[in-house]
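Residue numbers (this note's numbering), protein chains in the order written: chain A, 1 to 337; chain B, 338 to 689. Built from N, CA and C at the ideal position, the CB exists for glycine as well. For clarity, every value in this text was computed on a predicted model and none was experimentally measured. Below: the structure, in structure tokens.
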């Protein structure tokens, strides 16, 4: 289960900033139904053995389809769900054993931006109060113009501080959500589908803003997204998840996929070039993702995989550097490039 | 668009092209709100031929869904109102029909599938019964034998859209199905009366990428089998590039560009289309070099307060400080052929 703990998850070739967060053997299970004789009827294996690290100034992205556990990973980093097993370490401190004052520090330095900017604010609060709320909760001094400064930082006019959420468009509101996350001067930002609710022309604005802020402030990002093209354009490292596990990880897995699931996922994204019509090899997977309450034995992707052999059902493939390219791959039969 | 001339698009409503299975002429739909009248769709005209797929692209609020809903008489009145225009299907102008004839036509002539299949299916009825209901609605006083036939037809339709074990599935409720399976059920339902036009409003937006690929393949198969004309409403340029024959690009309720998919995506002649293509991430090279995207500056206009000239002018990089764009609404004109039209005063200057 803890197959890749010994491996350095970052690509050694890349210059890497200070390590901020390290996740090892993370498992998050949700029991379902009523407890009988100390046992639950079913368990959702939402996250089942995930390892990775976040470094200063770097973007690590988690891609995968709905239900693969990517949002659960994100929520566990900010303490919204409790891990069943495994460790989350921030600057060497384990979240499970951290003291109260350490937890306070950690809560300040790891912040989250949510998918729906309107659902994550109180519609009756003014923008100023929304942005200042983290400071209030932490009991920190609030400088007079802190909201105005943060608004300017995210490319909005300072006068917007006195307005209410309904006066803004989705893109503007997401900027306010980012300003709120920045209020505590965090080191790590968890971005849970920050652009999926926005129009394409606005998506690009937000992505560029996030990249500028990262360069300026040296933030580490964990980006959760399902848009492979966006992820490819902004990430230093990509983790592909399927049914609670990472199946492939590396800086280039979205341009040079080695795992059959990554290949199918990429093939399923329609190319925006008309010229490529009909010429691309299309892999269309059959069936649906199996239920996370009862994941298949061995490799979890084998029920939909065209390469599946007997060994796939018997043996769980570890996330290893199988091709010598520095990318980690959890397939018994990775593509050789 | 073969025989539609300038006057037909902007002049008085004309009779539709003979080979068009759906012809929309000068459609204008408005909504009355407390903050004033919103022109959701203004003067939209297009043709959809049998066996063809027409893509309607645009951002939220651009009027693409309202265009489709107007065609089915689904605009809630009030606050909405189809102010003018004609929608011709099979020799009938849907907008001139009374309620009863429109009810008969919708479903049998024009069918629609929606973005979220869960909210379009009734959660308390079995899948098979819901499909059969659509079939029976178009029969006058169905007999017991008709009902039995409709039920059998529902199972056949489920099998035809690739639902495994259709007999068992027909007995299930919507919540027992996955999102992809529910969308298959919606397609089965839409195809139950052999419509001539299928309107697919963001049919895969709620689905995962691998399931989206399955559903798009299914729609292509259904089209080959039945020669239905499909109107695909989407914001995904990739879906358009891979699946449609012709494209309409909408902005602020108007068609700003139309043409074959090759022409519009490879040789766009409207600054908005150019901007939209530029900020589409899937058009970036597929290497893993980190790069900034090219957004369209500014925000879409407020629909209650559209600028007098070209709606895109405030965000347009091509305008410079030319007054014409702010004063005069540009009309769709050949760019340079009738098959490719753009509503830009300076379309000759547009470069991809």
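Where does the unbroken beta strand (DSSP E) through residue i begin, and where does it stop?
| i | result |
| --- | --- |
| residue 90/A | 85-90 |
| residue 380/B | 373-386 |
| residue 449/B | 447-450 |
| residue 394/B | 390-394 |
| residue 151/A | Where residue 151/A is concerned, there is no enclosing beta strand (DSSP E), although the alpha helix (DSSP H) it sits in stretches over 146-153. |
| residue 571/B | 566-571 |
With 8 Å as the threshold, decide whether the Cβ of residue i is near any Cβ in chain B.
| i | result |
| --- | --- |
| residue 166/A | no |
| residue 4/A | Low per-residue confidence applies at residue 4/A: pLDDT is 41, beneath 50, and the placement is therefore not dependable enough to give any value. |
| residue 220/A | no |
| residue 323/A | no |
| residue 329/A | no |
| residue 171/A | yes |
| residue 211/A | yes |
| residue 346/A | No statement about residue 346/A is possible, as the shown extent of chain A runs from 1 to 337 and does not include it. |
| residue 273/A | yes |
| residue 141/A | no |
| residue 269/A | yes |
| residue 201/A | yes |
| residue 225/A | no |
| residue 47/A | no |
| residue 214/A | no |
| residue 205/A | yes |
| residue 288/A | yes |
| residue 181/A | no |
| residue 234/A | yes |
| residue 151/A | no |
| residue 284/A | yes |
Establish whether the CB of residue i and some CB of chain A are separated by less than 8 Å.
| i | result |
| --- | --- |
| residue 680/B | no |
| residue 648/B | no |
| residue 517/B | yes |
| residue 598/B | yes |
| residue 495/B | no |
| residue 602/B | yes |
| residue 674/B | no |
| residue 677/B | no |
| residue 340/B | Any reading at residue 340/B is ruled out, since the residue's pLDDT is 44, under 50, leaving its predicted position unreliable. |
Between which two residues does the alpha helix (DSSP H) containing residue i stretch?
| i | result |
| --- | --- |
| residue 207/A | 200-217 |
| residue 127/A | 127-138 |
| residue 609/B | 608-615 |
| residue 231/A | 228-234 |
| residue 472/B | 464-474 |
| residue 238/A | Not the alpha helix (DSSP H): residue 238/A falls in the beta strand (DSSP E), residues 237-242. |
| residue 663/B | 661-664 |
| residue 403/B | 401-408 |
| residue 456/B | 454-457 |
Any heavy atom of the ligand ATP inside 7 Å of the beta-carbon of residue i?
| i | result |
| --- | --- |
| residue 683/B | Absence of the ligand ATP is noted for the structure shown, with no ligands found whatsoever. |
Within the region 267-327 of chain A, ranges of the alpha helix (DSSP H) (whole runs, at least 4 residues): 310-314
Say whether the region 629-637 of chain B touches the region 194-210 of chain A, bearing in mind that this needs 3 or more beta-carbon pairs closer than 8 Å, one atom from each stretch. yes
Using a Cβ-Cβ cut-off of less than 7 Å, list which residues of the region 604-637 of chain B approach chain A; keep chain order. 612, 613, 616, 617, 618, 619, 620, 621, 623, 624, 625, 627, 628, 629, 630, 631, 632, 633 and 636
Determine which residues of the region 546-563 of chain B have a Cβ less than 9 Å from any Cβ of chain A, and write them out in chain order. 546, 547, 548, 549, 550, 551, 553 and 554
Identify every run of the beta strand (DSSP E) within the region 164-194 of chain A, keeping only runs that are complete inside it and at least 3 residues long; order them along the chain. 188-192
Give, in chain order, every residue of the region 566-594 of chain B whose Cβ lies closer than 9 Å to some Cβ of chain A. 572, 573, 574, 575, 576, 577, 578, 579 and 580
Pair every Cβ in the region 644-658 of chain B with every Cβ in the region 228-243 of chain A, then say whether three or more of these pairs are closer than 8 Å. no
Counting Cβ pairs, one atom from each stretch, are 3 or more of them under 8 Å apart for the region 287-307 of chain A and the region 35-45 of chain A? yes
Would you say the region 93-108 of chain A touches the region 53-71 of chain A, given that touching needs at least three Cβ pairs under 8 Å? no
Cβ pair count under 8 Å reaching 3, the region 564-571 of chain B against the region 520-540 of chain B: yes
Contained beta strand (DSSP E) runs [length at least 3] in the region 480-563 of chain B, N- to C-terminal order: 534-538
Given a limit of 7 Å on CB to CB distance, which residues of the region 389-402 of chain B reach chain A? 396 and 397
Is it true that the region 511-521 of chain B meets the region 483-490 of chain B, where meeting means three or more beta-carbon pairs spaced less than 8 Å apart? no
Should the region 579-597 of chain B be called in touch with the region 158-176 of chain A, which here means at least 3 C-beta pairs below 8 Å? no
Would you mind listing the beta strand (DSSP E) stretches within the region 31-112 of chain A that are 3+ residues and don't spill past its ends, in chain order? 39-55, 59-63 and 85-90
Whole runs of the alpha helix (DSSP H) within the region 573-605 of chain B, excluding any shorter than 4 residues: 574-580 and 598-603
Using a Cβ cut-off of 7 Å, which residues of the region 57-75 of chain A contact any Cβ in chain B, in chain order? 65 and 66
Using a Cβ-Cβ cut-off of less than 7 Å, give me the residues of the region 243-265 of chain A that come near chain B, in sequence order. 251, 252, 254, 255, 264 and 265
Would you say the region 302-319 of chain A touches the region 67-74 of chain A, given that touching needs at least three Cβ pairs under 8 Å? no
Along the region 108-135 of chain A, what residues have a CB closer than 9 Å to any CB found in chain B? none
Within the chosen definition, does the region 363-371 of chain B reach the region 411-429 of chain B through at least 3 CB pairs nearer than 8 Å? yes
What residues in the region 153-165 of chain A have a beta carbon less than 8 Å from any beta carbon of chain B? none
Which residues, in order along the region 82-104 of chain A, keep a beta-carbon less than 8 Å from a beta-carbon of chain B? none
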